[in-house]
Amino acid sequence: MQIIDLLQSMMPMVLFYSAPLIFTAIGGVFSERSGVVNIGLEGLMVMGAFSGIVFNLSFAEMFGTLTPWLSLLVAGLVSGIFSIMHAVAAVTLRANQVVSGVAINMIALGVGVFLTREWYGSGQTNSITQPFYTRSVRFLSDIPIIGEMFFSGIYYIAYIAILFAILAWFILYKTPFGLRLRSVGEHPMAADTNGISVTKIRYVAVIISGFLAGLGGATYALTISLNFGGATISGQGFMSLAAVIFGKWHPLGAMGAAIFFGFAQSLSVVGRNFPILADVPNVYLIIAPYVLTILALAGFIGRAEAPKANGEPYIKGNR
Amino acid sequence: MFSNRTFNLIVPIFSVLLGFLVGAIVMLAFGYSPIEGYRALWNGAFGNSYYLGETIRQSIPLMLTGLAIAFAFRSGLFNIGAEGQVFVGWLAAVWLGIVVDLPTIIHLPLALLVAGLAGALWALIPGLLKATRGVHEVVVTIMMNYIALHLSNHIIRAYLLESGSRTSRISETASLRTEGLTTLFGGSQVHWGFIIAFISAITMWFLLERTTYGYELRAVGYNKHAAHYAGINVKRNIIMAMMISGLFAGLAGAMEGLGTFGSMHTHASFSNLGFDGIAVALLGANTAIGSVISAFLFGALKVGSLSMPPISGVPSELVEIIIAVIIFFVASSYMIRWIVLRFKKEEK
Chain G
6 MQIIDLLQSM MPMVLFYSAP LIFTAIGGVF SERSGVVNIG LEGLMVMGAF
56 SGIVFNLSFA EMFGTLTPWL SLLVAGLVSG IFSIMHAVAA VTLRANQVVS
106 GVAINMIALG VGVFLTREWY GSGQTNSITQ PFYTRSVRFL SDIPIIGEMF
156 FSGIYYIAYI AILFAILAWF ILYKTPFGLR LRSVGEHPMA ADTNGISVTK
206 IRYVAVIISG FLAGLGGATY ALTISLNFGG ATISGQGFMS LAAVIFGKWH
256 PLGAMGAAIF FGFAQSLSVV GRNFPILADV PNVYLIIAPY VLTILALAGF
306 IGRAEAPKAN GEPYIKGNR
Chain H
785 MFSNRTFNLI VPIFSVLLGF LVGAIVMLAF GYSPIEGYRA LWNGAFGNSY
835 YLGETIRQSI PLMLTGLAIA FAFRSGLFNI GAEGQVFVGW LAAVWLGIVV
885 DLPTIIHLPL ALLVAGLAGA LWALIPGLLK ATRGVHEVVV TIMMNYIALH
935 LSNHIIRAYL LESGSRTSRI SETASLRTEG LTTLFGGSQV HWGFIIAFIS
985 AITMWFLLER TTYGYELRAV GYNKHAAHYA GINVKRNIIM AMMISGLFAG
1035 LAGAMEGLGT FGSMHTHASF SNLGFDGIAV ALLGANTAIG SVISAFLFGA
1085 LKVGSLSMPP ISGVPSELVE IIIAVIIFFV ASSYMIRWIV LRFKKEEK
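First to last, the protein sequences are chains G and H.
Each residue of the first sequence is one higher than the one before, counting from 6 in this note's numbering.
Each residue of the second sequence is one higher than the one before, counting from 785 in this note's numbering.
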């Protein structure tokens, strides 16, 4: 019984922590599958959190309860546009993609905090008045055990994140666009000779990843932090990147990994209340996702194979 | 036509100028005077001996993390993990500074050595995984950064906590700061670490350019397969390169622990020394001398930025934007090359 109690009280929290990671990790899958390494996920999340909060603060009166949803959309769009910078550097200018990603992280944080100081006069914004609230799903939450676990006291956004993961799987594996995107990441020259524009596909993939990372950042800001400051997003982007790899560059795998990481995070928060875990120092639960990712990469937990052309700029005519 | 050497000079200079230009445009766009802003920045970095001391103090760890990343780059590795190696080096140095009681002549070198070793060992894990299992070092080092951050916080909280969120002070015998130097620079936090940074830079230059070992490392960096074919032990070189890189980063941590702070505090997030080190190495074209110069530039920018808000009203984050823009342009050097070549062609 104890296990079920544990799960019941934890599941909503797990979903709550993993939703931002799921969005961002799916974004990462899109970008990396097309062959563009995206270390900039962290910065794109910062952009999303920032623009989501700013929109929410500015328009809360005008849109009322619709505000958080619109903030989410705006955050996605802003981050999508922002990610074009990474696409230009990585695809057109053939920059080192890791370096360009690092630059994106720095610029996003710099711009975010700079504008926050300009507009709100201090290092962080006020708290928003229209955040997402937890809801219980009617009828479904009355189902014994499962209802309590999955359908009460939960953010709807968590379901949307999971839906997005399934949608991403469908797009990547069941549509011509998805096939093209994957082929560009595996063997750009073969794709090019088949008339697929490598540049165009990679741009689209990076922009999608920006959009999704923006959603992820805004989700975090609108459910967990409720304001924006320099430390709002601290590592969630990198953790999502870990989820991409741990999930073997597959959208559903990445979602599973993100949920698992959310689970580890919430264990470190609520673990104290449970006798089995009370003696385990918090730090082990906090570092678990990172250690597991390294083990996965090292091949101790199944081999993680990156897309072949990941990180390599495509230069026409080069062999 | 331009030689590669000329390009290596043009690209960083161009990028720095573009960075400042973008900074000026941002200031104009928000209604500040760029002249005022940059004057505040300049005075805040070099205005008097105190500020100069602070600039040097800030440059010291940046030089070392810059060297760490440049060294790894030359061997074909990207060590994003300098950040984590700084943490373990810092912790190791402070730990040794607190618990051991020795005369300065042994205590200080020992603390530095242990810090360097800690960094090297932290970098050994990604090095080993890269060499033996072909795992990409970027992802492993990112993960190692977070492990270092949380573990060091945990160790400080569990074993070394003095009051609030920092450890007790290291004993004087392990300190890099001296009364004389502090007074000379108007009471700033500057310390003798710059000598260690210079020695490290010279060592790196000598190792890479003047020894067979360095030749092997560079060969591995240029072309792993060719190096292997020539009979060079690629695996051993990868592991060694990662460890030497980690050693520099560990020393950077020691600079913070034994010099600037004399203790270690728990961190909510990264110190950013490792990430800024990437900027330093890139701008310095991955050379020892280049890293020293660009570390000084970034140190001046960071220290100078603190004077911008009170004097000119410009938020200090402007400097972060400038630095990011500089790296962005250095990374996209293809564009600068293309533009310069275009101009050359038209002249003909």
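We put the beta carbon where it would ideally sit given N, CA and C, even for glycine.
{"Query": "Below 8 Å, how does it come out for the segment 1107-1117 of chain H and the segment 88-99 of chain G: are there three or more Cβ pairs, yes or no?", "Result": "yes"}
{"Query": "So what's GLY1061/H in DSSP terms, helix, strand or just coil?", "Result": "helix"}
{"Query": "Taking ALA958/H as the reference, which of VAL883/H, PHE1032/H, THR995/H, ALA1079/H has the closest Cα?", "Result": "VAL883/H"}
{"Query": "Just verifying my parser: in three-state terms, what is the DSSP assignment at ARG953/H?", "Result": "coil"}
{"Query": "Note the first and the last residue of the continuous beta strand (DSSP E) segment covering SER947/H.", "Result": "945-947"}
{"Query": "If GLY242/G sits next to GLU47/G, beta carbons under 8 Å apart, how far is it from one beta carbon to the other, in whole angstroms?", "Result": "3 Å"}
{"Query": "Please confirm if THR130/G has its CB atom under 9 Å from at least one CB of chain H.", "Result": "no"}
{"Query": "Got a sec, what are the start and stop residues for the alpha helix (DSSP H) MET927/H sits in?", "Result": "921-939"}
{"Query": "Strictly under 9 Å for the Cβ-Cβ distance: is TYR22/G near chain H by that measure?", "Result": "no"}
{"Query": "To the nearest angstrom, how far is the alpha carbon of PRO312/G from that of ASN287/G?", "Result": "35 Å"}
{"Query": "Pop quiz: GLY1061/H and THR849/H are said to be a contact at Cβ under 8 Å. What is the actual Cβ separation, rounded to whole angstroms?", "Result": "3 Å"}
{"Query": "Taking only the alpha-carbon atoms, compute the straight-line gap between MET928/H and MET67/G and give it to the nearest angstrom.", "Result": "45 Å"}
{"Query": "Output, in chain order, the set of chain H residues within a Cβ distance shorter than 8 Å of VAL275/G.", "Result": "Those within 8 Å of VAL275/G in chain H number zero; the least Cβ separation is about 18 Å."}
{"Query": "Taking the alpha helix (DSSP H) that PHE265/G falls in, what are its first and last residues?", "Result": "256-275"}
{"Query": "Note down, in chain order, each residue of its chain lying with its Cβ closer than 6 Å to the Cβ of ILE23/G, except the 5 sequence neighbours on either side.", "Result": "First, the residue type needs correcting, since residue 23/G is Ser and not Ile in the sequence shown. Once the five neighbours on either side are set aside, the close Cβ partners of SER23/G are ALA263, ILE264, GLY267."}
{"Query": "May I ask you to list the residues that DSSP assigns as paired with GLN129/G?", "Result": "GLY234/G"}
{"Query": "How long is the line joining the alpha carbons of ASP885/H and MET1039/H, rounded to whole angstroms?", "Result": "19 Å"}
{"Query": "If you draw a straight line from the alpha carbon of GLY45/G to that of LEU1042/H, how long is it in whole angstroms?", "Result": "33 Å"}
{"Query": "Which same chain residues end up closer than 6 Å to VAL1087/H when comparing Cβ atoms and leaving out the 5 residues on each side of it in sequence?", "Result": "ALA829, GLU838, THR839, GLN842"}
{"Query": "Excluding the 5 residues flanking ALA65/G on each side, which residues of the same chain have their C-beta closer than 8 Å to its C-beta?", "Result": "THR72, ILE133, THR134, GLN135"}
{"Query": "Output the distance between the C-alpha atoms of ILE292/G and VAL1103/H, rounded to the nearest integer angstrom.", "Result": "32 Å"}
{"Query": "Kindly say whether LEU1066/H, judged by its beta-carbon, lies nearer than 9 Å to any beta-carbon of chain G.", "Result": "yes"}
{"Query": "Which residue from ILE980/H, THR925/H, GLY918/H puts its Cα closest to that of ALA899/H?", "Result": "ILE980/H"}
{"Query": "Between TYR1118/H and chain G, is any beta-carbon pair separated by less than 9 Å?", "Result": "yes"}
{"Query": "Quick one: is ARG858/H buried, meaning 16 or more other Cβ sit within 10 Å of its Cβ, or exposed?", "Result": "buried"}
{"Query": "Which value, in whole angstroms, describes the spacing of the CA atoms of MET785/H and LEU1125/H?", "Result": "In this prediction, MET785/H scores a pLDDT of 44, lower than 50, which makes its location untrustworthy; the coordinate-derived value is nonetheless stated afterwards. Roughly 8 Å between the two C-alpha positions."}
{"Query": "Is ALA94/G close to chain H, meaning its C-beta is less than 9 Å from at least one C-beta of that chain?", "Result": "yes"}
{"Query": "When you compare each of ILE9/G, GLY69/G, GLY32/G to ALA247/G by their alpha carbons, which one comes out closest?", "Result": "GLY32/G"}
{"Query": "Between ALA108/G, ILE9/G, PHE21/G, SER63/G, which has its C-alpha nearest ILE1105/H's C-alpha?", "Result": "ALA108/G"}
{"Query": "For SER972/H, collect the residues of the same chain with a Cβ closer than 6 Å to its Cβ; drop the 5 residues on either side in sequence, then sort them by chain order.", "Result": "TYR834, GLY837, GLU838"}
{"Query": "Name the chain G residues that come within less than 7 Å of LEU935/H, Cβ to Cβ?", "Result": "VAL288, ILE292"}
{"Query": "Can you check which of these residues, VAL189/G, ARG207/G, LEU62/G, LEU120/G, is closest to GLY235/G by C-alpha distance?", "Result": "LEU120/G"}
{"Query": "Run down chain G in chain order and give the residues with a C-beta less than 7 Å from the C-beta of GLU1104/H.", "Result": "MET111, LEU114, GLY115"}
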